[in-house]
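Visitor: Take the sequence shown: its letters are residues 14 to 307, numbered as in the working numbering. Note that the Cβ used here is the ideal one computed from N, Cα and C, for glycine as well.
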Amino acid sequence: MNAKILDGKQLAQTMREEMKQEIADFQKQHNLTPGLAVVLVGEDPASASYVSGKRKACAHVGIYSREENHPASMSEDDLLKLVEELNQDPKIHGILVQLPLPDHIDEKKVLYAIDPAKDVDGFHPFNVGQMMIGEDTFLPCTPHGIQQMLMRNGIETASKHVVIVGRSNLVGRPLANIMLQKNTNANATVTVCHSRTKDIGHYTRQADIVVAAIGRPNTITADMVSDGAVVIDVGVTRVDDATKKNGYRLSGDVDFEAVSQKASAITPVPGGVGPLTITMLLHNTIKAARKSIQ
Ligand code: GUN
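This is how it looks when you write it as structure tokens:
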């Protein structure tokens with residue numbers, strides 16, 4: 014079988030055009046522009062590149078964005094003060110503090126300081142709890158993007174077996190929760206594998222949908238996937254590549270060449286899940302702006 018390529022770039026473009034219109038209508042109706050603050054501490058090149066992607070995406074759809082770039086030496090206290098200032102700023106409806114933070118800053122302390130009503134990452138325990146019990150809340154962007162990718166490509170999850178490899182708070186755990194929910198875009202049977210799972214292939218071979226979110230290139234090989242499975246690759250690891258101008262290429266967690274011969278559909282890296290993550294951040298920012306006037 015030659016897998017259908019699930020094109021995240023194209024889908025993100027379609028969704029962003031929809032949002033552009035939604036924001037224009039919202040502005041007309043409420044005289045309010047949704048606003049997002051993105052906080053970057055330090056100079057990690059991958060983080061800086063994500064943040065710049067977020068800024069461009071905001072500009073494209075008409076979201077006001079405020080970028081806060083600070084040196085790695087920024088103190089935890091100063092960062093907490095900045096978060097509090099953003100919590101109070103009426104022009105800002107969503108706050109995203111780019112992770113990872115430098116070692117001297119307690120990540121939890123910072124994430125928990127964000128007003129849950131502005132927590133467009135969906136990382137605050139209040140929103141995590143809301144998601145867990147199926148309340149309408151901010152869903153974390155990457156798992157929400159994966160759900161959209163499946164839905165909008167007509168891939169049913171109801172009564173399907175979704176096997177997730179990876180249990181991070183960013184992807185694996187929230188995706189398991191989302192896929193378990195009692196609604197037509199979920200209703201899946203979910204298995205979560207992780208670094209201590211014995212024989213991951215034993216589980217992934219039973220999957221209708223495999224989601225690889227481990228962060229290690231080529232972990233999911235062709236022998237681990239059954240014929241006709243749908244494969245979603247969340248990994249983005251920079252791998253040295255002297256043939257590239259910038260000296261590296263991005264690699265997913267899946268052996269794309271071999272697995273795409275067996276799967277019915279597969280996401281590429283780059284251009285798969287990545288563009289949808291930012292798109293769902295825009296979605297959450299619009300949601301936060303709507304909530305602010307309710
Ligand atoms: N770093 C990598 N992914 C994410 C994300 O989704 N949100 C934040 N805040 N930081 C990240």
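(1) Contact defined as beta carbons within less than 8 Å: I believe PRO187 pairs with PRO156. What is the distance between those atoms, to the nearest angstrom?
(2) Leaving out the 5 sequence neighbours to the left and right, which residues in its chain are closer than 6 Å to VAL203 when beta-carbon positions are compared?
(3) CB-CB under 8 Å to ALA220, same chain, minus the five flanking residues each way: which ones, in chain order?
(4) What is the residue span of the alpha helix (DSSP H) that GLU120 lies within?
(5) Quick one, which of GLU148, PRO230, GLN274 has its alpha-carbon nearest PRO283's?
(6) Is the CB-CB distance between ARG79 and ALA61 below 7 Å?
(7) Would you give the residue range spanned by the alpha helix (DSSP H) that SER305 belongs to?
(8) Can we say the stretch 112-127 touches the stretch 143-153, given the rule of at least three CB pairs closer than 8 Å?
(9) Is the beta carbon of LEU93 within less than 6 Å of some heavy atom of ligand 1?
(10) Taking ARG262 as the reference, which of GLY248, SER273, VAL272 has the closest Cα?
(11) Using the beta-carbon count (16 or more within 10 Å), is GLN161 buried or exposed?
(12) Which value, in whole angstroms, describes the spacing of the CA atoms of ALA278 and THR170?
(13) Would you check whether ligand 1 has a heavy atom nearer than 6 Å to the C-beta of GLN111?
(14) Taking 6 Å as the limit between beta carbons, can you name the residues of its chain near ILE105, skipping five residues before and five after?
(15) Quick one: what does DSSP say THR250 is sitting in, helix, strand or coil?
(16) If you run the structure through DSSP and keep just helix, strand and coil, what is SER172?
(17) Less than 7 Å between the beta carbons of ILE245 and ILE168, yes or no?
(18) Express the C-alpha separation of ILE36 and ILE299 in angstroms, rounding to a whole number.
(19) So what does DSSP say about ASN140, is it helix, strand or coil?
Guide: Taking the coordinates as given:
(1) Within the sequence shown, numbered from 1, the residue matching residue 187 stands at position 174. Within the sequence shown, numbered from 1, the residue matching residue 156 stands at position 143. Right, the Cβ-Cβ distance comes to about 5 Å (below 8 Å), so this counts as a contact.
(2) Position 190 of the sequence shown, counted from the first residue, corresponds to residue 203. Result list for VAL203: VAL175, ALA189, MET192, LEU193, in chain order.
(3) Stepping through the sequence shown from its first residue, residue 220 is reached at position 207. Excluding positions up to five away in sequence, the list reads HIS174, VAL175, VAL176, THR204, VAL238, SER239, ALA242.
(4) The residue labelled residue 120 in the question sits at position 107 within the sequence shown. 120-126 is the span of the alpha helix (DSSP H), which, as asked, contains GLU120.
(5) Within the sequence shown, the letter at position 270 stands for residue 283. Answer by Cα proximity: PRO230.
(6) In the sequence shown, residue 79 corresponds to position 66, counting from 1. In the sequence shown, residue 61 corresponds to position 48, counting from 1. Not in contact: ARG79 and ALA61 (Cβ atoms no closer than 7 Å).
(7) The residue labelled residue 305 in the question sits at position 292 within the sequence shown. Counting along the chain, the alpha helix (DSSP H) containing SER305 begins and ends at 287-305.
(8) no
(9) Numbered from its first residue, the sequence shown carries residue 93 at position 80. Not so, every heavy atom of ligand 1 lies at least 6 Å from the Cβ.
(10) Residue 262 sits at position 249 when you count from the first residue of the sequence shown. Considering only alpha carbons, the answer is GLY248.
(11) Stepping through the sequence shown from its first residue, residue 161 is reached at position 148. Flag for GLN161 reads buried.
(12) On the sequence shown, residue 278 is found 265 positions in, with the first residue counted as 1. On the sequence shown, residue 170 is found 157 positions in, with the first residue counted as 1. Cα to Cα, the separation comes out at about 14 Å.
(13) In the sequence shown, the residue the question calls residue 111 occupies position 98. Yes.
(14) Numbered from 1 along the sequence shown, position 92 holds the residue referred to as residue 105. For ILE105, where only same-chain residues beyond five positions count, the Cβ hits under 6 Å are GLY48, ALA50, LEU99.
(15) Taking the first residue of the sequence shown as 1, we reach residue 250 at position 237. Looking at THR250 - three-state DSSP - the assignment turns out to be strand.
(16) For the purposes of this step, residue 172 is taken as the residue at position 159 of the sequence shown. Correct three-state label for SER172: coil.
(17) Taking the sequence shown and counting its residues from 1, the one referred to as residue 245 is at position 232. Taking the sequence shown and counting its residues from 1, the one referred to as residue 168 is at position 155. No, the pair does not count as a contact, with Cβ atoms beyond the cut-off.
(18) Residue numbering aside, residue 299 sits at position 286 when the sequence shown is read from its first letter. Residue numbering aside, residue 36 sits at position 23 when the sequence shown is read from its first letter. One C-alpha to the other measures close to 7 Å.
(19) As a working note, residue 140 is residue 127 in the sequence shown. Helix at ASN140.
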